[in-house]
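Asks: When we follow our numbering, the leftmost residue of the sequence shown carries the number 259, and every step to the right adds one.
Glycine residues also receive a C-beta, built at the ideal position from the N, C-alpha and C atoms.
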Amino acid sequence: MHSSAIHRRKFLATSASALMGSAFAADKMPPQPIGIPLQQEPLAFDLHALEPYLDAATLRLHYHEYHAQHLLELKQALSSVELSVASVSSLMPCILSMPRPAVERRSLLQFGAMSRQASVKSVSQKLPQVVQDCIRHSGGAHVNHTAFWRFLSPPKSGHLGPQGKAAMHIEKEFGTFHEFKAAFMEAALNHEGSGWAWLVYRPDGRLVITTTYNEDNPLMKEFVDWRDHGRFILALDLWEHSYYSKYKNNRKKYIEAWWNVVNWNFVSKAHAIVTGIYSL
Ligand SMILES: [Fe+2]
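1. Check whether the Cβ atoms of Ala424 and His529 lie closer than 8 Å to each other.
2. Alpha carbon to alpha carbon, how far is Gln334 from Ala307? Give it in angstroms, no decimals.
3. Using a Cβ-Cβ cut-off of 6 Å (strictly less than) and excluding sequence neighbours within five positions of Met278, which residues of its own chain qualify?
4. As a quick check of your reading: which residues have a C-beta less than 6 Å from at least one non-hydrogen atom of ligand 1, in chain order?
5. Between which residues of its own chain and Ser526 is the CB-CB distance below 7 Å, once the five residues before and five after are set aside?
6. Since Asn521 and Gly416 are thought to touch, with beta carbons under 8 Å apart, how far apart are those beta carbons, to the nearest angstrom?
7. With DSSP as the reference, label Arg358 as helix, strand or coil.
8. Express the C-alpha separation of Pro351 and Met478 in angstroms, rounding to a whole number.
9. Are there 16 or more other CB atoms within 10 angstroms of the CB of Ile531, so buried, or fewer, so exposed?
10. Using beta-carbon positions only, say whether Met356 and Leu385 come within less than 8 Å of one another.
11. Alpha carbon to alpha carbon, how far is His487 from Tyr459?
12. Taking the alpha-carbon of Ala326 as reference, which of Gln297, Asp474, Met443 has the nearest alpha-carbon?
13. Decide if Ala515 is buried, meaning its Cβ has at least 16 other Cβ atoms within 10 Å, or exposed.
14. Under 8 Å, do Ala344 and Gly293 count as touching if we go by C-beta distance?
15. Which runs of the beta strand (DSSP E) spanning at least 3 residues fall entirely within the stretch 468-523, listed in chain order?
16. Mapping the DSSP letters down to three states, classify Val532 as helix, strand or coil.
17. Rounded to whole angstroms, what is the Cα-Cα separation between Arg318 and Asp474?
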């Protein structure tokens, strides 16, 4: 049951520094789970380091204002129901079904004479709609943007494509790396409005390209089609705030530029992690 995730579960507590720091030795590291802490990870690069492809001004607003504001709203929502989390990503699959454990604690303190039956009933209460909505939107935004930053690196700072098993898996599913990029581009361009494009490792072992609307992501199995559900190993922000300042409405030009700053070392690392999780 996913509710265990809200009690500081350890299995998703891998630190960002461990993930990022080991990204360049992907094939030498044992698989580790990916966690998203309830805080903004420091960017692993200078704001100017992705230029000319992604400009510093856009990154600054995107990271320090847009992402930060969503995290603030998420923290406030979780605090309102006394919910503590070790990894925000662990909330994603069970937003609608998650019980509200703090209610039981408060009820027992405030109503000591409450019958056992009544307290058990309170445990089954779901999170308030407003909290569910915030976890979906702001929690999703925090998870998605944390991933987006992790999958970026300065141009020519690492491999120019996936390596090892990740590369073989992509070729198996899409033919060639070039064909994969074309399919990813097509999916991202065909997505209307705000959202995200993903490379997803599904529980059945398939790698698929998909997009989601707004701040939804493939971890949200209550909201996405089963064919799109899984753990992502590449994330692209399709919201206009990601690119409008520099590329205006030319999303294609933005994506063509983004390919130059994809952290393929981390993609390979993420592939090793997620395939390790599902093979356990
Ligand atoms: Fe964004």
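Replies: According to the data block:
1. Yes, the Cβ-Cβ distance between Ala424 and His529 is below 8 Å.
2. Spanning the two alpha carbons is a distance of roughly 32 Å.
3. In this prediction, Met278 scores a pLDDT of 29, lower than 50, which makes its location untrustworthy; the coordinate-derived value is nonetheless stated afterwards. Within the same chain, and ignoring the five residues on either side of Met278 in sequence, the residues whose Cβ sits closer than 6 Å to its Cβ are Ala302.
4. This selection yields His320, Tyr324, His403, Asp495, Trp497, His499, Ser500.
5. These residues qualify, in order along the chain: Ala284, Pro420, Gln421, Gly422, Ala424.
6. The Cβ separation is near 6 Å, so the contact holds.
7. Under the three-state reduction of DSSP output, Arg358 falls in the coil class, being neither helix nor strand.
8. So the alpha carbons of these two residues sit roughly 4 Å apart.
9. Label assigned to Ile531: buried.
10. Against a cut-off of 8 Å, the Cβ pair of Leu385 and Met356 comes out as a contact.
11. Spanning the two alpha carbons is a distance of roughly 8 Å.
12. Residue nearest to Ala326 within the set Gln297, Asp474, Met443 is Gln297 (criterion: CA-CA distance).
13. By the 10 Å Cβ count, Ala515 comes out buried.
14. Going by C-beta atoms, Ala344 is nearer than 8 Å to Gly293.
15. Along the length of the stretch 468-523, whole beta strand (DSSP E) runs at least 3 residues long occupy 489-495, reported in chain order.
16. Look at Val532 here: in three-state DSSP terms it is helix.
17. Arg318 and Asp474: Cα-Cα distance of roughly 23 Å.
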